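A.B. asks: This structure is in structure tokens; I'll ask about it shortly.
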Amino acid sequence: MKRIKLFYNPVSGDRKFPQQLDTFIYKFQKAGYDVSIFRSEQKGDIYDTVKMISAKDYSILAVAGGDGTVNEIVNGMMEKKLDLPLAIFPVGTANDFGHHLNLPKSVADCCDVILRNNIRRVDIGKVNDKYFINVCSGGLFTTVSQSVDLNIKNTLGKMAYYIKGIEQLPNFKPIRLKIETSNSTIEDMFYLFLVLNGNSAGGFERLSREASVEDGLFDFIGVKARPFHELAILFLKILKGEHLDDPNILFIRDKKFKIACLEDDRRFFESDVDGEKGPDLPLDIEVIKKGLKVFSNI
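Per this note's numbering, residue 4 is the first one in the sequence shown, and the count goes up by one each step.
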């Protein structure tokens, strides 16, 4: 018998997904699936539960939440070596990975996409001993998604990230970083960096026009240290997707990156992985090409 297990975060996004559970159950039971549901109560419990699953237990694993919730289930799957197809319901505040897969926000429509059984293998990232689906970043704005109050985030959506980010600007200092790729080593002063699997992060949808979750490459974007009046102009370019040719941007495509912080202040060593706290620098980042099976609407 076909079996699907859904993991969901009840406080993701507008918190309305629990009201639509019956839609999910109805759709999959009607399609002949035995349905099992896990409600997340605290960070880490999805990861812990997935690690107890065998590949023989289910036909599909499903997850409802934002990128951070998806990250949690993917880390459990990779560590347990579960090569099961993952169905994603993008119901969080930021759903960049779901956006890459063109998944609808409607639960009913998303069920229909999954039941069409269009499965693709996509790339994921590994940073030190953890995995990520969308982005690994550091520097300015790194802790924004972690520090935004949950109620504000659910009320304002992506705008909450921008407001919190602006609050950080006056007190931030540039960081000296060493970036090693397959064929080059670069040292410079940066305000922030992003290593992207797809083309968007944090609601910025035009960060890297040609990025793909199937090309076996990451896109590195580093914002170099410049006076704040130049930085403001640069961020306008980023919003428009016109920044990659700017001399204040370091843009590299590669399958591996090593990123080290050359500062003494440990505050600069923090990283963010899919909107959650990541490992401290130095970071050893690599692509796991076609490492995950997902349902897609493309």
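By construction, the Cβ of each residue, glycine as well, lies at the ideal position given by its N, Cα and C atoms. Keep in mind it's a predicted model, so treat the numbers as computed, not measured.
Please classify residue 192: does DSSP put it in a helix, a strand, or coil?
C.D. replies: Note: residue 192 maps to strand in three-state DSSP.
A.B. asks: Looking only at its chain, what residues have a beta carbon closer than 6 Å to the beta carbon of residue 3, apart from the 5 residues adjacent to it on each side?
C.D. replies: One cannot answer for residue 3 here, as it falls past the ends of the chain, which runs 4 to 301.
A.B. asks: Taking a contact to mean a Cβ-Cβ separation below 9 Å, would you say residue 296 touches residue 86 in this structure?
C.D. replies: Going by C-beta atoms, residue 296 is nearer than 9 Å to residue 86.
A.B. asks: Beta-carbon separation of residue 47 and residue 75 under 9 Å?
C.D. replies: Contact flag set, yes.
A.B. asks: From the DSSP secondary-structure annotation, give me the bridge partner or partners of residue 276.
C.D. replies: Per DSSP, 139, 279.
A.B. asks: At the level of alpha carbons, what is the spacing between residue 20 and residue 204?
C.D. replies: Cα-Cα distance, rounded: 22 Å.
A.B. asks: Alpha carbons only, please: which of 69, 253, 200 is nearest the one belonging to residue 293?
C.D. replies: For the residues 69, 253, 200, the minimum Cα distance to residue 293 belongs to 200.
A.B. asks: By the three-class DSSP mapping on this structure, what secondary structure does residue 183 have?
C.D. replies: If DSSP states are grouped into helix, strand and coil, residue 183 belongs with the strands.
A.B. asks: Rounded to whole angstroms, what is the Cα-Cα separation between residue 65 and residue 267?
C.D. replies: The straight-line gap from Cα to Cα measures roughly 43 Å.
A.B. asks: Could you tell me if residue 4 is buried or exposed, where buried requires 16 or more neighbouring beta carbons within 10 angstroms of its beta carbon?
C.D. replies: Exposed, by the Cβ-count rule.
A.B. asks: With three or more C-beta pairs closer than 8 Å as the rule, is the stretch 176–187 touching the stretch 255–271?
C.D. replies: Touching, yes, given that three or more Cβ pairs across the two stretches are closer than 8 Å.
A.B. asks: Which parts of the stretch 201–264 are runs of the beta strand (DSSP E), unbroken and 3 residues or longer, counting only runs that do not cross its ends?
C.D. replies: You should have 221–227, 252–257, 259–264.
A.B. asks: Is the beta carbon of residue 12 sitting closer than 9 Å to the one on residue 103?
C.D. replies: No, they are not a contact pair.
A.B. asks: Give the DSSP-derived three-state secondary structure of residue 58 in the structure shown.
C.D. replies: In this structure, residue 58 counts as coil in the three-state DSSP scheme.
A.B. asks: Could you check where the beta strand (DSSP E) with residue 8 kicks off and where it finishes?
C.D. replies: Start and end: 5–11.
A.B. asks: Return the CA-CA distance between residue 193 and residue 226, expressed in angstroms with no decimal places.
C.D. replies: Near 6 Å, if we compare the C-alpha coordinates of residue 226 and residue 193.
A.B. asks: Do residue 238 and residue 128 have their beta-carbon atoms positioned less than 9 Å apart in this structure?
C.D. replies: In this structure, residue 238 does not lie closer than 9 Å to residue 128 by Cβ.
A.B. asks: For my contact list, residue 195 and residue 281 are in at a C-beta cut-off of 8 Å; report their separation, rounded to the angstrom.
C.D. replies: Incorrect: roughly 14 Å between the Cβ atoms, too far for contact.
A.B. asks: Three-state secondary structure (DSSP) at residue 292?
C.D. replies: Note: residue 292 maps to strand in three-state DSSP.
A.B. asks: On the CB-based measure, 16 or more other CB atoms within 10 Å of its CB, does residue 8 come out buried or exposed?
C.D. replies: Classification for residue 8: buried.
A.B. asks: For residue 94, name the three-state secondary structure that DSSP assigns.
C.D. replies: Correct three-state label for residue 94: coil.
A.B. asks: Quick one: what's got a C-beta closer than 8 Å to residue 249's C-beta in the same chain, skipping five residues either side?
C.D. replies: These residues qualify, in order along the chain: 237, 240.
A.B. asks: Can you find the residues in the same chain that come closer than 7 Å, C-beta to C-beta, to residue 34, ignoring five residues on each side of it along the sequence?
C.D. replies: Closer than 7 Å at the Cβ level, and outside the excluded window around residue 34, lie 118.
A.B. asks: Using 10 angstroms around the beta-carbon of residue 84, count the other beta-carbons present and answer buried if the total reaches 16, otherwise exposed.
C.D. replies: So residue 84 ends up on the exposed side.
A.B. asks: Name the residue from 288, 179, 122 whose alpha carbon lies nearest to the alpha carbon of residue 299.
C.D. replies: Checked all of 288, 179, 122; the closest Cα to residue 299 is 122.
A.B. asks: Just curious, the alpha helix (DSSP H) that residue 71 is in, first and last residue?
C.D. replies: Taken as a continuous stretch (DSSP letters only), the alpha helix (DSSP H) holding residue 71 covers 70–83.
A.B. asks: Considering only residues of the same chain and omitting the five flanking positions on each side of residue 133, which have a CB-CB separation below 8 Å?
C.D. replies: Within the same chain, residue 133 has close Cβ partners 78, 276, 281, 282.
A.B. asks: Can you grab the Cα-Cα spacing for the pair residue 262 / residue 50, in whole Å?
C.D. replies: Answer to the nearest angstrom: the Cα atoms are 27 Å apart.
A.B. asks: Where does residue 307 land, buried or exposed, given buried means 16+ other C-beta within 10 angstroms?
C.D. replies: Residue 307 is absent from the structure shown; the chain starts at 4 and stops at 301.
A.B. asks: Return the Cβ separation of residue 2 and residue 106 in integer angstroms, given the expectation that the two are a contact with Cβ distance under 8 Å.
C.D. replies: Lying before the first or after the last residue shown, residue 2 is absent from the chain, which here runs from 4 to 301.
A.B. asks: Rounded to the nearest angstrom, what separates residue 138 and residue 67 at their Cα positions?
C.D. replies: Distance between the alpha carbons of residue 138 and residue 67: 19 Å.
A.B. asks: Under the rule that 16 or more other beta-carbon atoms within 10 Å means buried, what is residue 231, buried or exposed?
C.D. replies: Answer is exposed; the Cβ neighbour count stays below 16.
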